[in-house]
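Step one of this worksheet: look at the structure below.
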Amino acid sequence: MYAFILRRLLCLVPLLLAISFLAFCLTAASPSDPAEVALRVNDITPTPEVIEKTRQELGLDRPFFERYLAWLGKALQGDLGTSFVTHRPVARELARALPSTLALACVATLVVLGVGIPCAIVCFVREGRLADILVRALIFLGAATPTFWAGLLFIWLFAVHLNLLPTGGLEGASSFILPACTLALPSLATYTRLLRAGMLATGQQDFVLYARAQGRSPLAILLQIVRNSLQSTLAALGMTLPKLLAGTFVVECIFAWPGLGRLCVTAIFNRDLPVIQAYVVLMGLFFVLFNLFMEVAGALVDPRLSGRGSAGRKGKGRPDKSRPDTSMEDRA
Amino acid sequence: MTQAIAPQNKAVGNTSLLEARSICVRERISGRLLVNNVSLAIEAGSCLGIVGESGSGKSLLCRALLGLLPKGLAASGTVLFEGRDVLSLSERERRALRGAGISFVAQQAMTAYDPLLTLGRQITALFRDRLRLGRNEAHDLACTTLARVGLEAQVLDRYPHELSGGQMQRCMIATSLGLGSRLVIADEPTTALDAKSQYEVLLALKTLVRERGTALILVSHDLGAVQMLAEHVLVLNGGYCVESGLAWQVFNAPRHKVTRALVRTRADLSARFAHHGGTA
Numbered sequence: 054m055y056a057f058i059l060r061r062l063l064c065l066v067p068l069l070l071a072i073s074f075l076a077f078c079l080t081a082a083s084p085s086d087p088a089e090v091a092l093r094v095n096d097i098t099p100t101p102e103v104i105e106k107t108r109q110e111l112g113l114d115r116p117f118f119e120r121y122l123a124w125l126g127k128a129l130q131g132d133l134g135t136s137f138v139t140h141r142p143v144a145r146e147l148a149r150a151l152p153s154t155l156a157l158a159c160v161a162t163l164v165v166l167g168v169g170i171p172c173a174i175v176c177f178v179r180e181g182r183l184a185d186i187l188v189r190a191l192i193f194l195g196a197a198t199p200t201f202w203a204g205l206l207f208i209w210l211f212a213v214h215l216n217l218l219p220t221g222g223l224e225g226a227s228s229f230i231l232p233a234c235t236l237a238l239p240s241l242a243t244y245t246r247l248l249r250a251g252m253l254a255t256g257q258q259d260f261v262l263y264a265r266a267q268g269r270s271p272l273a274i275l276l277q278i279v280r281n282s283l284q285s286t287l288a289a290l291g292m293t294l295p296k297l298l299a300g301t302f303v304v305e306c307i308f309a310w311p312g313l314g315r316l317c318v319t320a321i322f323n324r325d326l327p328v329i330q331a332y333v334v335l336m337g338l339f340f341v342l343f344n345l346f347m348e349v350a351g352a353l354v355d356p357r358l359s360g361r362g363s364a365g366r367k368g369k370g371r372p373d374k375s376r377p378d379t380s381m382e383d384r385a
Numbered sequence: 401m402t403q404a405i406a407p408q409n410k411a412v413g414n415t416s417l418l419e420a421r422s423i424c425v426r427e428r429i430s431g432r433l434l435v436n437n438v439s440l441a442i443e444a445g446s447c448l449g450i451v452g453e454s455g456s457g458k459s460l461l462c463r464a465l466l467g468l469l470p471k472g473l474a475a476s477g478t479v480l481f482e483g484r485d486v487l488s489l490s491e492r493e494r495r496a497l498r499g500a501g502i503s504f505v506a507q508q509a510m511t512a513y514d515p516l517l518t519l520g521r522q523i524t525a526l527f528r529d530r531l532r533l534g535r536n537e538a539h540d541l542a543c544t545t546l547a548r549v550g551l552e553a554q555v556l557d558r559y560p561h562e563l564s565g566g567q568m569q570r571c572m573i574a575t576s577l578g579l580g581s582r583l584v585i586a587d588e589p590t591t592a593l594d595a596k597s598q599y600e601v602l603l604a605l606k607t608l609v610r611e612r613g614t615a616l617i618l619v620s621h622d623l624g625a626v627q628m629l630a631e632h633v634l635v636l637n638g639g640y641c642v643e644s645g646l647a648w649q650v651f652n653a654p655r656h657k658v659t660r661a662l663v664r665t666r667a668d669l670s671a672r673f674a675h676h677g678g679t680a
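Chains as they are written, first to last, in the numbering used here: chain Y, 54 to 385; chain E, 401 to 680.
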């Protein structure tokens with residue numbers, strides 16, 4: 054297992070380099086001159102002399118690859134540059150906004166799993182019956198509702214009308230409920246349908262028939278089916294977690310959530326290129342790391358993927374017939 | 401329509417462990433009959449072979465006896481197991497009957513166990529669940545029964561993908577042994593196995609019948625396997641029972657053309673292999 058993780062980690066290095074290079078290329082390909090942008094956002098008239106001076110200060114007069122390598126070297130030491138607007142280190146800006154977004158995404162993921170898995174189980178157990186149809190209809194409705202609209206409806210109902218929850222901001226645990234539910238809504242539909250389909254397919258497999266033929270309890274069989282259907286869900290979760298992180302913009306704006314999404318959008322409006330560049334790299338990093346994490350989780354669940362088991366440990370393929378087998382011929 | 405005849409009339413009556421009368425399996429929507437009016441009976445400690453070509457309804461008949469037909473299919477008739485009609489029982493009652501009463505050895509050995517768990521966890525969980533045993537007792541029972549079919553206790557630490565088809569089949573037979581099943585339905589247990597594994601699986605089944613007095617319904621394409629174990633044979637074709645009786649009678653003096661074709665094909669194949677073996 055350790056070798057498996059190490060191999061995957063090594064594969065990440067070129068991938069992360071490629072992501073950082075692409076992020077650097079994208080900002081470099083921007084039609085605006087970063088020096089001019091840096092001046093304009095600080096209300097300084099961009100005369101040719103001042104622009105030239107700023108270009109030298111920002112190192113923009115150096116060749117492209119030299120600039121990239123310099124940026125990469127600093128980034129590896131945790132220095133992602135300085136914001137054009139706030140003049141504070143970008144890493145500190147991101148570190149300030151990241152925890153609240155991360156917390157929101159984690160709570161949204163818990164909502165997705167905590168509601169999605171039971172819904173999928175209900176749909177599977179009551180396949181084709183009223184409960185299955187109702188749950189799927191509700192989920193379809195949730196998936197079809199735009200996030201901003203769902204967020205506004207939640208605020209109207211739970212904050213304004215019922216006065217149960219805060220309308221926005223980050224003030225205690227209760228302020229997580231509405232944004233997390235809004236963020237989870239589209240993914241909830243995906244996971245319920247994915248897991249339901251997986252469970253229906255697994256339910257047709259031979260080991261389920263065999264377990265039923267031996268009289269195993271329905272609960273034990275259901276657990277087997279759920280466990281065997283989680284592979285696709287885990288793989289999808291590797292993409293959903295970073296998508297929840299990167300896709301919080303709308304929710305953060307509706308609920309005045311002080312997170313990465315708002316930071317990034319503000320940076321885009323201000324053309325704060327160092328922040329945008331760092332945000333792109335950070336999101337790339339999250340995608341790659343969460344995928345790795347889910348791959349490892351998948352391998353932990355399924356011994357066939359990690360080569361676990363005694364034959365796997367010995368580096369042998371199946372079947373390993375020799376040792377546990379006493380010839381029956383002697384017994385004939 | 402062919403009226404199926406119970407193999408060996410002595411098997412039909414009060415002494416039968418299992419008696420199935422006029423079993424029909426049909427598609428719910430179209431009403432198409434897939435198994436048509438088949439009857440059979442089997443006593444404790446005996447073996448009934450069910451033979452027939454692919455698609456003749458052998459596996460469906462077995463699943464009807466277990467009350468485990470796929471969705472969209474329905475069974476009718478009477479399946480009396482120890483005097484109780486399996487088809488009219490509730491699902492809870494059927495579940496109580498399965499395992500200790502009627503057990504199953506599946507055709508697809510490699511996919512018969514959960515791929516994510518070791519065989520030890522699965523077999524001991526089954527024993528604990530069905531026999532109300534403690535963890536250690538279940539483990540000991542698993543080791544004992546595996547030894548009876550020629551497998552060592554190490555098998556319990558293996559995942560299904562680490563064993564061969566023959567070993568997996570024997571694990572299923574060991575499971576039936578451990579559960580103390582009174583009837584085992586083995587659905588083509590030797591299909592897709594090499595000759596040595598086939599022989600070992602058949603010996604394990606023989607152990608089951610001889611030592612425990614378990615009744616065995618052996619479904620197979622392989623007439624040799626059926627000849628080795630079964631006293632009575634039932635021949636299916638297109639969902640109908642076309643012939644039944646004592647195994648030696650059916651194989652030596654087949655009355656129906658399908659049975660004759662099956663016997664002739666096997667004889668031709670044997671002769672061809674003998675010829676090639678001789679000239680090699």
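From the three backbone atoms N, C-alpha and C, an ideal C-beta is built for every residue, glycine too. Just so it is clear, the structure is predicted and the values come from calculations on it, not from any experiment.
Contact of Ser503(E) with chain Y by beta-carbon distance below 9 Å involves Ala266, Gln267 and Gly268.
In terms of Cα proximity to Ser416(E), the closest of Ala661(E), Glu443(E) and Ile429(E) is Glu443(E). By the neighbour-count definition (other C-beta atoms within 10 Å, threshold 16), Val213(Y) is an exposed residue. Of all residues in the region 652 to 664 of chain E, none has a C-beta nearer than 7 Å to a C-beta of chain Y. Distance between Ala506(E) and Val279(Y), taken at the CA atoms: about 22 Å.
Taking a beta-carbon distance threshold of 8 Å, Pro589(E) does not count as an interface residue toward chain Y. In the three-state scheme derived from DSSP, where H, G and I count as helix and E and B as strand, Asn281(Y) is classed as helix. Distance from the CA of Leu191(Y) to the CA of Gly291(Y), rounded to the nearest whole angstrom, comes to 25 Å.
Of all residues in the region 243 to 264 of chain Y, only Gln258, Asp259, Phe260, Leu262 and Tyr263 place a beta-carbon less than 7 Å from a beta-carbon of chain E. DSSP, reduced to helix, strand and coil, places Ser227(Y) within a helical segment of the structure shown. Distance from the CA of Arg426(E) to the CA of Gly467(E), rounded to the nearest whole angstrom, comes to 14 Å. Per DSSP, the beta-bridge partners of His632(E) are Leu448(E) and Leu646(E). Taking a C-beta distance under 8 Å as the contact criterion, Gly639(E) and Gly457(E) qualify as a contact pair.
Comparing alpha-carbon positions, the option among Asn637(E), Gly624(E), Arg484(E) and Thr518(E) lying closest to Trp648(E) turns out to be Gly624(E). Under the Cβ criterion of 8 Å, Gln277(Y) is counted among the residues facing chain E. For Ala586(E), no chain Y residue has a C-beta closer than 8 Å to its own C-beta; the minimum C-beta separation is roughly 11 Å.
Counting only Cβ-Cβ distances below 7 Å, Val354(Y) has contacts in chain E at Leu516, in chain order. Each residue's CA atom was taken as its position, placing Val349(Y) and Gly483(E) some 53 Å apart.
The Cβ-Cβ distance between Gly449(E) and Leu618(E) falls below 8 Å. Taking a Cβ-Cβ cut-off of 9 Å, the neighbours of Ala273(Y) in chain E comprise Ala525, Leu526 and Asp529, given in sequence order.
Leaving aside the five residues that flank Ser228(Y) on each side, the residues in its chain whose CB is nearer than 7 Å to its CB run, in chain order, Pro219 and Gly222. Beta bridge pairing from DSSP links Glu419(E) with Ala441(E) and Leu480(E).
Membership of Ala615(E) in the beta strand (DSSP E) is indicated by the continuous run Ala615 to Ser620. If the five residues before and after Arg432(E) are omitted, its C-beta is found closer than 7 Å to the C-beta atoms of Arg426, all from its own chain and listed in chain order. Excluding residues up to 5 positions away in sequence, Tyr513 and Asp514 lie with their Cβ nearer than 7 Å to the Cβ of Gln522(E) in the same chain. The C-alpha of Pro239(Y) lies about 19 Å from the C-alpha of Val175(Y).
With respect to Val328(Y), Glu146(Y) sits close: the two C-beta atoms are nearer than 8 Å. Met628(E) counts as buried, since at least 16 other C-beta atoms from the protein chains shown sit within 10 angstroms of its C-beta.
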